[in-house]
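Participant:
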Amino acid sequence: MFVLRRLLRFAAGLAALMAATFAMIHLIPGDPVRAALGPQAPPDLIAARRAALGLDDSLVRQFLDYVGGVLAGDFGTSFLSGEPVGQIVMDRLPNTLSLAVLATLVSLLVGVPLGLWAAIRTENGRNRGTEVGFTTGTGAAVAVPEFLYSIALVVVFAVVLGWLPPAGKAGALSYLLPVAALSIGPAALIARLVRAETARELGKDYVRLARAKRLPAARVHLGHVLPNALTATLTTGGLLLGGLIAGSVLVESVFAWPGLGMRMTEAITQKDFPVAQGVILVYGAIVLVVNTAVDLALAVLDPKSTIKES
Amino acid sequence: MRTPSGLAGAAIVALMLVLAVVGPPIWGDRAELIDPVAALQGVSAAHPLGTDNLGRDILARVLVAARLSLLLAALATAIGAAIGVVLGTLPSVLPRRLGRLVSSTVSALVAFPGLLLAMFTAVVAGLGARGAVLGIGVALAPAFARLTQTLAASIAGSDFVAAARMLGVSKATIVRRHVLPNIAEPLILNLTVMIGASLVGLAGMSFLGLGVQAPGYDWGRLLFDGFARIYVNPMVALGPAFMVVLAGLGFNLMGEALAKSATRSTVPKGAAPAAPAPEAGEADPEAVLEVRNLTVTFPGGVTPVREVSLTVGPGEIVGLVGESGSGKSLTAYAVGGLVPYPGVVGGGPVLLDGQDVHALPATERRKLLGTSLAMVFQDPMASLNPALKVGGQLAEVATVHQGATRAEAWQRAVDRLGHVRISEPARRARQHPHQLSGGMRQRAVIAMGLMGVPRLIIADEPTTGLDVTVQREILRLLREVTEESAAATLFISHDMAVVGSLCDRVVVMYAGRVVEELPADRLVSGAAHPYTRALVASVPDMSADRSLPLASIPGRQPGPAEVGEGCAFAERCALSTDRCTATRPPLEEHGKAHRVACWEAS
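As given, the protein sequences belong to chains A and B, one line each in that order.
FYI, the UniProt record's numbering numbers position 195 of the first sequence as 195, with every residue one higher than the one before it.
FYI, the UniProt record's numbering numbers position 45 of the second sequence as 45, with every residue one higher than the one before it.
So, in structure tokens, the structure goes:
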């Protein structure tokens, strides 16, 4: 029942997304074709492009054509290069996804242990110093945007030290800086979240009972507390993956990473609207898929969360 | 707000605001001064951050750009807040179905990356500062709408809104007159964090070339221009980057401190004073549990448990009673070695089967208490781990302390569940706590205590959360378990009727001390302390006159820091004399198996 409702919501989201990307072209003030080709473009070229894009048909007809095309894998053609947008996406998407997935893993692997450690160390208000340090440090880390981490990392490791390649995708080493830049903020965010969740769980009776049973501390914390603190963490971790896929747009720009985001930025600055439209649609769809998958995974892992929602 | 990070944030924000005001008039000319000879220079004394392609001084440009950067961020925040407040309050104004549609749209948008929304809006609104500001504003709106909605929902549930609704005030008026004024403060506090976020977001847009366009410049644009030269002159890019980080950080730290300041409470500080250790009395060789002069102290000299002595024999259930705050639970936790930080247990020995628990080496103490202490808490749902199978939670006692294999431990867990009369124990063991009924959960907790050989059972109001019929079964089980294992049971309760029927002996506590100790069957007729008598009198029975209000004890129990020289109960006692307020009565023999601390005990 929950699964069905969640899938319906996914379908509604996808429909809204397609309507929005379709509307995008029509919301642009003036003629998008003229805007893209420039004021000097000959009128018959503009007319031909308009006809090719179907911009002279009725809106309903255009929308149906658009949806039909997208569902059949046709995302349109670039104004400038004439490349099919579907091909651009297929070429670029793996590069973006590999960055986002790696960064999600790294942020979880760093953030969860860090948050757990901080929560246990500051339980019941002990070690005030650790608490202040942790809150300030992670707060600062969250506030700095990923593209500024990228710039700082490039300056330090590529320009000054010369240890790592400054840009481009070539081999495993080239992943280090972009993944690091993408992970620092989310890792700090997860650490804060895990600490808050863990602190709440530590105050519960089942922890007192586990301690009354004189279980070793590691078993109390990893066996009893962590599974309960992790539900919320997984939710955020999932949302984070969606956010990281989008956040990589800026990081790709810094590292000249041949991903989808860099292509989108180019398309927007060049007013290559079909490419921008197609890439935004793909980004949005990925986020919807990830969010739905997280919800479904949670329903399996923690049946109570679905009961609460319904 | 007075935290170091909050103050640092406020200082940075103040600095940025000053810069935004005085920057352009002071450095404006220098920032625009074109000097082709000095074009594309690196760091020098004349140009600390270098120059751009027209020879303009970057440092001056960074300082002047503060105004535009902050202005655009404030604009984007205003747009985001305006859209957010409207979207957030719409669900409470619109008809039900429409309102639900709005709120589920907001939920969907919150889960959508802001940067995508910003990019989408920027494409539609066009390249440039206007598009970027609109984009960031739109991107911030969902989170603000969610916040507004959450806050509004809490106000909508309050009494005065209910009253207004009953008087027929329209929904829109309620929102305008009651809801918005009450949530304005937290919303405004959150604006600070939002300004930080939009500052960073706008810098990102400009850095991608989607924001401010030449000849205008904000920090993001300077970063965009400088980044191309980062391999030659890193400082050209690092200058504006530093300002974005600094400003973003300042707004964030200040905003967080502001948002927290409303709820923050301070933790008492100070070292724990050494607890006095009065001499121990004669040990009773028969007793399972023997406690002498137990004291629990918290930092600042707060002593919620004072010189408590207890003796519990094999198979005996001793009730610990008193109002909340009397120290009864803390006494039991101190006996079990479970006092929470920063409490300190002092006083005489805690002997379990004649062994001084606190004198044992740590590993032996763990093993002893792990297998011989059973705890039962008030809420069985909370005391079982919701994420783990019931059987596993029992079995781990055997694997950790008794060296059992997983299979043996599981088998014993199933056996113990059956022993406490849980039907289909093998199936129940594989289930999670939320699949069991309340009574079954409490049985499972008791069964957990039976995995070892319980010598001490501490039951802290184990039936308060249960139905009356289930209550009776759990009490019967507790009695059986105590007798068959010949354990000592401490039963903590404020329910005098239950204590009278279940326990063998009753220990009455008041303000951290034992004031009376007597056999349970004498509770109704033989209590000597006025406090005990008042507690008993407050229990309604079948013969109580229903037309009279329930008897209650006037006044309030003094807190652990307020206890003075005399009898702590004197203020509330009808019999109190000058002697009572001046000198505390000692706990003295008062007939057979009966002790009382009262000057006026008859």
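Beta carbons: idealized from backbone N, C-alpha and C, even for Gly.
Which residues mark the beginning and the end of the alpha helix (DSSP H) in which Val62 (chain B) is found?
Facilitator: Ile58 to Val93
Participant: Taking 6 Å as the limit between beta carbons, can you name the residues of its chain near Thr266 (chain B), skipping five residues before and five after?
Facilitator: For Thr266 (chain B), the predicted structure reports a pLDDT of 35, less than 50, and the residue's modelled location is therefore unreliable. A value from the coordinates is still provided. Contacts found: none.
Participant: So which residues on chain B does Arg185 (chain A) lean against when the C-beta distance must stay under 8 Å?
Facilitator: Per the sequence shown, residue 185 (chain A) should be read as Gly rather than Arg. What Gly185 (chain A) touches in chain B: nothing, since even the nearest Cβ is about 10 Å away.
Participant: By how many angstroms is the C-alpha of Ala78 (chain B) removed from the C-alpha of Gly68 (chain A)?
Facilitator: One alpha carbon belongs to Gly68 (chain A), the other to Ala78 (chain B), and they sit about 39 Å apart.
Participant: Are the CB atoms of Pro29 (chain A) and Lys169 (chain A) nearer to each other than 8 Å?
Facilitator: By the CB criterion at 8 Å, Pro29 (chain A) and Lys169 (chain A) fall outside the cutoff.
Participant: Using a beta-carbon distance below 8 Å, is Tyr217 (chain B) in contact with chain A?
Facilitator: no
Participant: If you draw a straight line from the alpha carbon of Arg34 (chain A) to that of Ala163 (chain B), how long is it in whole angstroms?
Facilitator: 60 Å
Participant: Against chain A, which members of the segment 209 to 239 of chain B pass a CB distance test of less than 8 Å?
Facilitator: Gly209, Leu210, Leu223, Phe227, Ile230, Tyr231, Pro234, Ala237 and Leu238
Participant: Leu80 (chain A) by DSSP, collapsed to three states: which one?
Facilitator: coil
Participant: Please name the residue or residues paired with Arg49 (chain A) in a DSSP beta bridge.
Facilitator: Answer is none; Arg49 (chain A) lacks a bridge partner.
Participant: May I have the straight-line CA-CA distance separating Val308 (chain B) from Gly449 (chain B), to the nearest angstrom?
Facilitator: 25 Å
Participant: Using DSSP bridges, identify the partner residues of Leu33 (chain B).
Facilitator: Paired residue(s): none; Leu33 (chain B) is not in a bridge.
Participant: Quick check: is the beta carbon of Tyr66 (chain A) nearer than 8 Å to any beta carbon in chain B?
Facilitator: no
Participant: Report the option in A:Arg263, A:Gly243 and A:Gly242 whose CA atom is closest to the CA atom of Glu252 (chain A).
Facilitator: A:Arg263
Participant: With a 10 Å radius around its C-beta and 16 neighbouring C-beta atoms as the bar for buried, classify Ser326 (chain B) as buried or exposed.
Facilitator: buried
Participant: Which residues of chain A have a Cβ atom closer than 7 Å to the Cβ of Met252 (chain B), listed in chain order?
Facilitator: Note on residue identity: the sequence assigns Asn, not Met, to residue 252 (chain B). By Cβ distance, chain A contributes Gly139 and Ala143.
Participant: Mind reading off the beta-carbon distance from Tyr531 (chain B) to Phe569 (chain B)? Whole number of angstroms is fine, and I expect it under 8 Å.
Facilitator: 5 Å
Participant: Ile458 (chain B) by DSSP, collapsed to three states: which one?
Facilitator: strand
Participant: With a threshold of 8 Å between beta-carbons, can Asn127 (chain A) be considered close to chain B, or not?
Facilitator: no
Participant: Using the Cβ count rule (16 or more neighbours within 10 Å means buried), how would you classify Glu396 (chain B)?
Facilitator: buried
Participant: Using a cut-off of 7 Å between C-beta atoms, extract the partners of Pro299 (chain B) located in chain A.
Facilitator: Result: empty, since nearest Cβ-Cβ is about 10 Å, beyond 7 Å.
Participant: Would you give the residue range spanned by the beta strand (DSSP E) that Phe491 (chain B) belongs to?
Facilitator: Ala488 to Ser493
Participant: Give the range of the alpha helix (DSSP H) segment to which Ile280 (chain A) is assigned.
Facilitator: Phe273 to Leu301
Participant: Please list the terminal residues of the continuous alpha helix (DSSP H) segment that includes Ile174 (chain B).
Facilitator: First-last for Ile174 (chain B): undefined, no H or E at that position.
Participant: Please report how far the alpha carbon of Glu146 (chain A) lies from the alpha carbon of Leu320 (chain B), in whole angstroms.
Facilitator: Rounded to the nearest angstrom, the two C-alpha atoms are 58 Å apart.
Participant: For Glu424 (chain B), count neighbouring C-beta atoms within 10 Å of its own C-beta (all shown protein chains included) and say buried if the count is 16 or more, exposed if not.
Facilitator: Only exposed fits Glu424 (chain B), as fewer than 16 other CB atoms lie within 10 angstroms of its CB.
Participant: Is the Cβ-Cβ distance between Pro178 (chain A) and Leu240 (chain A) less than 8 Å?
Facilitator: no
Participant: Does DSSP put Asn293 (chain B) in a helix, in a strand, or in coil?
Facilitator: strand
Participant: For the beta strand (DSSP E) that Thr311 (chain B) lies in, which residues bound it at each end?
Facilitator: DSSP places Thr311 (chain B) in the uninterrupted beta strand (DSSP E) bounded by Val302 to Val312.
Participant: So, does the CB of Val397 (chain B) fall closer than 8 Å to a CB anywhere in chain A?
Facilitator: yes
Participant: If contacts are defined as beta-carbon pairs under 8 Å, then Thr77 (chain A) and Val70 (chain A) qualify, I think. What distance do you get, rounded to the angstrom?
Facilitator: The Cβ separation is near 13 Å, so there is no contact.
Participant: Among B:Ala60, B:Gly23 and B:Leu54, which one has its Cα closest to the Cα of Ala46 (chain B)?
Facilitator: B:Ala60
Participant: If I'm right that Met243 (chain B) touches Gly135 (chain B) with Cβ under 8 Å, what's the distance once you round it to whole angstroms?
Facilitator: Wrong, their Cβ atoms sit about 21 Å apart, outside the cutoff.
Participant: Using a 10 Å radius around the Cβ and a threshold of 16 neighbouring Cβ atoms, would you call Val60 (chain A) buried or exposed?
Facilitator: exposed
Participant: Is residue 607 (chain B) buried or exposed, if buried means 16 or more other CB atoms sit within 10 Å of its CB?
Facilitator: Shown here, chain B extends from 1 to 602; a query on residue 607 (chain B) therefore has no answer.
Participant: Which residues of the segment 190 to 206 of chain A have a Cβ closer than 8 Å to any Cβ of chain B? Give them in chain order.
Facilitator: Listed by position along the chain: Lys204, Asp205 and Tyr206.
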